[in-house]
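Below: the structure, in C-alpha coordinates.
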Amino acid sequence: MTAGSRQMARKEYNGFEVVSAVIPSEQKGYSAAVAVKALAAGGAPRFHAILPG
1388 MTAGSRQMAR
1398 KEYNGFEVVS
1408 AVIPSEQKGY
1418 SAAVAVKALA
1428 AGGAPRFHAI
1438 LPG
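Residue numbers for the sequence shown, in the working numbering: 1388 to 1440.
Spelled out as C-alpha coordinates, the structure:
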(Lines of atoms letter the chains of each structure in order from A and count residues from 1; the text may use other names and numbers.)
(Lines give C-alpha, C1' and ligand atoms only; values in the text may rest on other atoms or scores of the structure.)
Protein backbone atom coordinates (compact mmCIF):
# COMPACT_ATOMS: atom_id res chain seq x y z
CA MET A 1 0.00 0.00 0.00
CA THR A 2 1.18 3.51 -0.69
CA ALA A 3 0.85 6.40 1.76
CA GLY A 4 -2.71 7.68 1.85
CA SER A 5 -4.17 4.66 0.06
CA ARG A 6 -7.09 2.57 1.28
CA GLN A 7 -7.88 -1.10 0.83
CA MET A 8 -11.63 -1.77 0.75
CA ALA A 9 -14.03 -4.68 0.33
CA ARG A 10 -17.78 -4.39 -0.39
CA LYS A 11 -20.52 -7.02 0.08
CA GLU A 12 -24.33 -7.00 -0.17
CA TYR A 13 -26.54 -8.85 2.34
CA ASN A 14 -30.38 -8.92 2.24
CA GLY A 15 -30.88 -5.26 1.33
CA PHE A 16 -27.78 -3.89 3.09
CA GLU A 17 -24.37 -2.85 1.83
CA VAL A 18 -21.33 -3.51 4.02
CA VAL A 19 -17.94 -1.95 3.32
CA SER A 20 -14.79 -2.75 5.28
CA ALA A 21 -11.55 -0.80 4.93
CA VAL A 22 -8.00 -0.60 6.18
CA ILE A 23 -6.83 3.02 6.40
CA PRO A 24 -3.32 4.26 7.27
CA SER A 25 -3.34 6.12 10.60
CA GLU A 26 -1.54 9.40 11.28
CA GLN A 27 0.77 7.47 13.58
CA LYS A 28 2.48 4.30 12.42
CA GLY A 29 0.11 1.47 11.62
CA TYR A 30 -3.38 1.12 10.20
CA SER A 31 -6.98 1.42 11.39
CA ALA A 32 -9.79 -0.97 10.49
CA ALA A 33 -13.17 0.57 9.69
CA VAL A 34 -16.61 -0.70 8.69
CA ALA A 35 -19.70 0.93 7.17
CA VAL A 36 -23.25 -0.44 6.82
CA LYS A 37 -26.22 1.15 5.04
CA ALA A 38 -29.46 0.10 3.39
CA LEU A 39 -29.12 -0.45 -0.37
CA ALA A 40 -32.26 1.64 -0.99
CA ALA A 41 -30.82 4.59 0.98
CA GLY A 42 -29.06 7.33 -0.96
CA GLY A 43 -25.60 8.65 -0.31
CA ALA A 44 -22.36 7.04 0.71
CA PRO A 45 -21.93 4.71 3.69
CA ARG A 46 -20.51 6.35 6.82
CA PHE A 47 -17.36 4.68 8.13
CA HIS A 48 -16.72 3.90 11.80
CA ALA A 49 -13.27 2.96 13.13
CA ILE A 50 -13.39 -0.41 14.88
CA LEU A 51 -9.69 -1.11 15.46
CA PRO A 52 -7.73 2.14 15.77
CA GLY A 53 -4.08 1.78 14.70
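Every residue, glycine too, gets a C-beta built ideally from N, C-alpha and C.
Check                                                                                                                       : Outcome
Alpha-carbon spacing of MET1395 relative to VAL1406, whole angstroms                                                        : 7 Å
Backbone secondary structure at GLN1394 - three-state DSSP                                                                  : strand
Selected residue, minimal CA-CA separation from GLY1402, among ILE1437, LYS1424 and GLY1430                                 : LYS1424
Three-state secondary structure (DSSP) of ALA1428                                                                           : coil
Cut-off 6 Å between Cβ atoms - residues of its own chain near LEU1466, not counting five sequence neighbours on either side : With the chain running from 1388 to 1440 in the structure shown, residue 1466 is simply not present.
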